[in-house]
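Novice:
2 protein chains.
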Amino acid sequence: MRAEIICIGTELLLGDIVNTNASFIAKSLAGIGIDHYFQTTVGDNPARLTDTITNGLNRSDIVITTGGLGPTVDDITTEIIAKVVSKKLVLEKDVLKDISDLFRKMNKKIPKDTLRQALIPEGAKWLKNPYGTAPGLIVEYNSKIIIALPGPPREMQPMMEKYVIPYLKYRGQITEDRGQIIKTRSIKLVGLAEASVNAKVKDLLNLSGAVTVGIYAKQGEVELKIMAKAQDEIIAVAGIKKVEKIIRKKLKPYIYGVDKETLADNVVAALIKRKKTIAVAESCTGGLISSFITNVPGSSKVFMEGIISYSNESKVKDLGVKAESLKKYGAVSSRAAREMASGIRKKADVDIGIGVTGIAGPTGATKEKQIGLVFIALSIGKKIICRQFNFLGSRMEIKHQTAQAALDMVRCELS
Amino acid sequence: MRAEIICIGTELLLGDIVNTNASFIAKSLAGIGIDHYFQTTVGDNPARLTDTITNGLNRSDIVITTGGLGPTVDDITTEIIAKVVSKKLVLEKDVLKDISDLFRKMNKKIPKDTLRQALIPEGAKWLKNPYGTAPGLIVEYNSKIIIALPGPPREMQPMMEKYVIPYLKYRGQITEDRGQIIKTRSIKLVGLAEASVNAKVKDLLNLSGAVTVGIYAKQGEVELKIMAKAQDEIIAVAGIKKVEKIIRKKLKPYIYGVDKETLADNVVAALIKRKKTIAVAESCTGGLISSFITNVPGSSKVFMEGIISYSNESKVKDLGVKAESLKKYGAVSSRAAREMASGIRKKADVDIGIGVTGIAGPTGATKEKQIGLVFIALSIGKKIICRQFNFLGSRMEIKHQTAQAALDMVRCELS
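Keeping their order, the protein sequence lines are chains U and Y.
Numbering-wise (my numbering), the first sequence opens with residue 82 and increments by one.
Numbering-wise (my numbering), the second sequence opens with residue 82 and increments by one.
#1: Please confirm whether Q312/Y has its beta-carbon closer than 9 Å to some beta-carbon of chain U.
#2: Quick check: is the beta carbon of V123/Y nearer than 9 Å to any beta carbon in chain U?
#3: Compare the C-beta of G434/Y with all C-beta atoms of chain U and state if any pair is closer than 9 Å.
#4: By the criterion of Cβ-Cβ separation under 9 Å, what are the contact partners of I296/U in chain Y?
#5: Alpha helix (DSSP H) containing N139/Y: first to last residue?
#6: Cβ closer than 8 Å: which chain U residues qualify as neighbours of T101/Y?
#7: So is T375/U in contact with chain Y if we call contact Cβ pairs under 9 Å?
#8: Beta-carbon of S390/Y versus every beta-carbon of chain U: anything under 9 Å?
#9: Mind checking P334/Y: buried by the 16 CB within 10 Å criterion, or exposed?
#10: If you run the structure through DSSP and keep just helix, strand and coil, what is Q238/Y?
#11: Spell out the partners DSSP gives Y297/Y in its beta bridges.
#12: To the nearest angstrom, report how far apart K283/U and R476/U are at their CA atoms.
#13: Ignore the nearest five residues each way along the sequence and tell me which others in I173/Y's own chain have a CB closer than 8 Å to its CB.
#14: If you draw a straight line from the alpha carbon of G474/Y to that of D125/U, how long is it in whole angstroms?
#15: Buried or exposed: Y244/U, going by 16 or more other Cβ atoms within 10 Å of its Cβ?
#16: Can you find a C-beta in chain Y that's less than 9 Å from the C-beta of A441/U?
#17: Can you pull the chain U neighbours of L583/Y, defined as C-beta to C-beta under 9 Å?
#18: Using 10 angstroms around the beta-carbon of V491/Y, count the other beta-carbons present and answer buried if the total reaches 16, otherwise exposed.
#19: Do the stretch 477 to 496 of chain U and the stretch 363 to 381 of chain U meet, that is, are 3 or more Cβ pairs less than 8 Å apart?
#20: Looking at chain Y, is there any beta carbon in it that lies within less than 9 Å of the beta carbon of K266/U?
#21: Any beta carbon of chain U sitting closer than 9 Å to that of K186/Y?
#22: For T121/U, which beta-bridge partners are listed by DSSP?
#23: With DSSP as the reference, please indicate the residues paired to A458/U in a beta bridge.
#24: Could you check what DSSP says for I452/Y in three-state terms: helix, strand or coil?
#25: Using DSSP with H/G/I as helix, E/B as strand and the rest coil, what is T256/U?
#26: Which residue comes first and which comes last in the beta strand (DSSP E) that contains K178/U?
#27: Is the distance from the Cβ of F105/U to the Cβ of Q238/U below 9 Å?
#28: So K189/U contacts chain Y; which residues on that side make the cut at Cβ distance below 9 Å?
#29: Any C-beta of chain Y within less than 8 Å: which residues of the stretch 477 to 491 of chain U qualify?
#30: Is the CB-CB distance between A103/U and I143/U below 9 Å?
#31: Against chain B, with Cβ distances strictly below 9 Å, would L94/U count as a contact?
#32: If you drop the 5 nearest sequence neighbours on each side, which residues of the same chain put their C-beta closer than 7 Å to that of T91/U?
#33: Tell me which same chain residues have a C-beta within less than 8 Å of the C-beta of I466/Y, skipping the five on either side of it?
#34: For a test of your reading of the model: does the CB of I321/U fall under 8 Å from any non-hydrogen atom of the ligand FMN? Yes or no.
#35: Report the CB separation of T101/U from P234/U in whole angstroms; it is logged as a contact under 8 Å.
#36: Just to confirm my understanding: we take T265/U, look at its own chain, exclude 5 residues before and 5 after, and list those with CB closer than 7 Å. What are they?
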């Protein structure tokens, strides 16, 4: 079975809201192995909506719409669906009762327009909406299915989970063409550019068949997403494992986690495992490294202190950076980063000290030192390591990339 | 002129990412009065992408695509566009030079695949990408236009603003068929819940006609979006001004900015204006308040120092919090917050000290002190103010709401 998603609403075309319904429904369909190849967004316009639904029924087995089920005259989805499947609208008494009950609960009178929402195409199944007045609809038409859901995510999502997914699962079982399970797993990498990752796993990216791999560049990291289609979960998982093994072999040093894990999750887990404590001295990142680390539940076991030292005075006074170092090499220098790292380590009495200094822009550049120039130092064991970076992007992007790079240096030292 | 948007990428069909590109481009088009009636999302599949672009060219004057311009074999947009307009791909030397310069800046070798990105359809205009290697493309084809933009929002957005909008404006002036201008303006509020804002401007939210108002709840703040449709910009702006005046009259104390301004922008501007300096002592927010402030260009003029003091020892040693206060009232207490605020103010020798302590969860709660309990103190002038909050949500949501509330307290004191 093949589905497609049609999101209806002029506010989507105006860009006033981001379309989260499409991704929610897409993920739900992928989870039960129903392919879908198209998502269309269209306004509340009778002619264009008719065309879009008709076109969807021509190329797909299931058309899922969201939006346009409200009480106002703008809301035309039910009407258009009835027209497309050549059915008249009939009053559904149980829906009317639901709507009346809802208004009684809120101690309010039913606005007259709301009664329109109890009209459904003859023969259609309707889906209860506990969070609003618009019922969902399932219309079977020849061998095709139209499913209409309300637009507000808090009404649409439970309806999708509670009624639509079980219905589609059930339908999938009684047709010949059984849906396949789709499982995905993201392998998350840091410290290597997208093109270099690409070069190392080129063959995998060309896979076609039950298991495929996609590559995605994110801020300061790269994701390889393995996707497996199979008759059941065991086969899909086995397919993913096989490919993951190849990826791990080729890219091991750069892999920090899978799926929703963050780089900070990895670092905090490694610190806890190795019983190491950490403290951070930040200049250009302005607290972002500490904030990333402290986003992780349980980070208080290993994160002892952070100092954001924007001024030279604070670097000298709070971190013990030498005034002569700042004078000779500047605040944005390898020397300053090294002294910040060892200074915070000593001050906070921890195992690892991070020192970061750089130019996040948009001002602060000189002839010798450009925006994006960053020095990151680690004081760990008996050594101090310092790396120089030249990042590109806006102030916030440079902060973000710097924080990722600093965490990655800690990760590499701990592994 | 009529446009449509085609977003390309299998990750969109899998629901792994939310499509923010569609709404960004939609908003940009609305802003210059270009109608668009369809948004389509399609995967990196040659046949379906060819159909979708061809279909778009049949029903619209302008087709804007995002995605599929990367260096990997998955990325087929340029190739398909060349095929649709019957042009061959040619090597564009200036793009090649841009890519080479970019890698030189980062001190990295150019991966071989990246060179693919310098191939463009013969005769196409290309758009500079300062944040990545994929150039944008403008292809004029008979009387139609195809515009191809990269998928990552941080690459696509500046390209849209800097090149595509001016190009479309220029094209719009020479056609007969001018659309209506749509202008929007967001009034941003903090310190009042959505339902309370709703109650105060209920009449405005029911407006129908040329000027309408929508209400949107964001994390730790609320947005009122005014939208005006008119034949020209002057009338639209006048319509917005009239409604904005009413909103400002009803909600003045809660309004901190408009459109893209952040609360931190407001606070930093107020500090600069009043020549006040600030320093922050954070516990549960773990660096987030400092990071918000230092996101603002020029914040180094007013932000002197941040200390993230997770442990009791650091609170005593670095901030001068009294050990007996911690013992008697606990680290999460009004007393601790007050002593943190005055401690950091004294230590950093600034005009305003912020002290924040709380329980961000998911662990750390006790019978008396629940997750979400937060104390925020300001030491300013001759006084110390402290407020208690009980936030709801995940660890990161509590951090976020706390940071917003702390910045709002500074805003209120400065205004």
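Glycine included, each C-beta is placed from N, C-alpha and C at the ideal position.
Quick caveat, the model's predicted, so the values are computed rather than measured.
Specialist: According to the data block:
#1: Taking the second sequence and counting its residues from 1, the one referred to as residue 312/Y is at position 231. When Cβ-Cβ separations below 9 Å define contact, Q312/Y makes no contact with chain U.
#2: Position 42 of the second sequence, counting from 1, holds the residue named residue 123/Y. Interface residue, yes.
#3: Within the second sequence, the letter at position 353 stands for residue 434/Y. By this cut-off, G434/Y is not an interface position.
#4: Numbered from 1 along the first sequence, position 215 holds the residue referred to as residue 296/U. Result: G151, T153, D155.
#5: What you label residue 139/Y is simply residue 58 of the second sequence in a count that begins at 1. Run containing N139/Y: 127 to 140, per the alpha helix (DSSP H) assignment.
#6: Locating residue 101/Y in the second sequence gives position 20, counting from the first residue. Chain U residues near T101/Y: V99.
#7: To locate residue 375/U, count along the first sequence from 1; it is residue 294. Yes, because at least one Cβ of chain Y sits closer than 9 Å to the Cβ of T375/U.
#8: Residue mapping note: residue 390/Y aligns to position 309 of the second sequence, counting from 1. Yes, S390/Y counts as interfacial toward chain U.
#9: As a first step, residue 334/Y is located in the second sequence; it is residue number 253 there, counting from the start. With fewer than 16 other Cβ atoms within 10 Å, it is exposed.
#10: Residue numbering aside, residue 238/Y sits at position 157 when the second sequence is read from its first letter. Helix.
#11: In the second sequence, the residue the question calls residue 297/Y occupies position 216. Per DSSP, E304/Y.
#12: Along the first sequence, one-based indexing puts residue 283/U at 202. Along the first sequence, one-based indexing puts residue 476/U at 395. Rounded to whole angstroms, K283/U to R476/U spans 33 Å at the Cα level.
#13: Counted from its first residue, the second sequence places residue 173/Y at position 92. Residue identity differs from the one stated: residue 173/Y is Glu in this sequence, not Ile. The residues are A199, L200, I201, W207, P216.
#14: The residue labelled residue 474/Y in the question sits at position 393 within the second sequence. The residue labelled residue 125/U in the question sits at position 44 within the first sequence. If I take the Cα positions, the gap works out to 35 Å.
#15: Your numbering for residue 244/U matches position 163 in the first sequence. Classification for Y244/U: buried.
#16: Position 360 of the first sequence, counted from the start, is the residue given in the question as residue 441/U. Nearest CB-CB separation between A441/U and chain Y: below the 9 Å threshold.
#17: As displayed, chain Y neither begins before 82 nor continues past 496, which places residue 583/Y out of reach and without an answer.
#18: Position 410 of the second sequence, counted from the start, is the residue given in the question as residue 491/Y. Burial call: buried.
#19: yes
#20: The count along the first sequence starts at 1 and reaches residue 266/U at position 185. One detail in the question is off: residue 266/U reads as Arg in this sequence, not Lys. So no, R266/U is outside the interface.
#21: The residue you call residue 186/Y lines up with position 105 of the second sequence. Judged by the 9 Å Cβ criterion, K186/Y is in contact with chain U.
#22: Here residue 121/U refers to the residue found at position 40 when the first sequence is read from its first residue. BP columns for T121/U point to I87/U, T121/Y.
#23: On the first sequence, residue 458/U is found 377 positions in, with the first residue counted as 1. Partner(s): G436/U, C467/U.
#24: Working through the second sequence from its first residue, we reach residue 452/Y at position 371. The three-state reading of DSSP puts I452/Y in coil, since its state is none of H, G, I, E or B.
#25: Working through the first sequence from its first residue, we reach residue 256/U at position 175. Unreliable placement is indicated for T256/U, whose pLDDT of 44 sits below 50; the coordinate value is still reported in the next sentence. Coil, per DSSP.
#26: Taking the first sequence and counting its residues from 1, one reaches residue 178/U at position 97. From DSSP, K178/U is part of no beta strand (DSSP E) but of the alpha helix (DSSP H) over 174 to 186.
#27: To locate residue 105/U, count along the first sequence from 1; it is residue 24. To locate residue 238/U, count along the first sequence from 1; it is residue 157. Going by C-beta atoms, F105/U is nearer than 9 Å to Q238/U.
#28: Position 108 of the first sequence, counted from the first residue, corresponds to residue 189/U. Going along chain Y, no residue has its Cβ under 9 Å from K189/U, so there is no contact; the nearest lies around 15 Å.
#29: Hits within the stretch, in order: M477, E478, K480.
#30: Here residue 103/U refers to the residue found at position 22 of the first sequence. Here residue 143/U refers to the residue found at position 62 of the first sequence. Cβ distance not < 9 Å, so A103/U and I143/U don't count as in contact.
#31: Here the protein chains are U and Y, and chain B is not one of them.
#32: Taking the first sequence and counting its residues from 1, one reaches residue 91/U at position 10. Contacts found: G124, D125.
#33: In the second sequence, counting from the first residue as 1, residue 466/Y sits at position 385. So the list reads A458, L459, M490, E494, once near-sequence residues are dropped.
#34: As far as ligands go, the structure on display features none, and thus does not contain the ligand FMN.
#35: For this step, residue 101/U is matched to residue 20 along the first sequence. For this step, residue 234/U is matched to residue 153 along the first sequence. Between P234/U and T101/U the Cβ distance is about 6 Å, and since that is below 8 Å, they are a contact.
#36: Taking the first sequence and counting its residues from 1, one reaches residue 265/U at position 184. Cβ neighbours of T265/U beyond the five flanking positions: K306, I307, M308.
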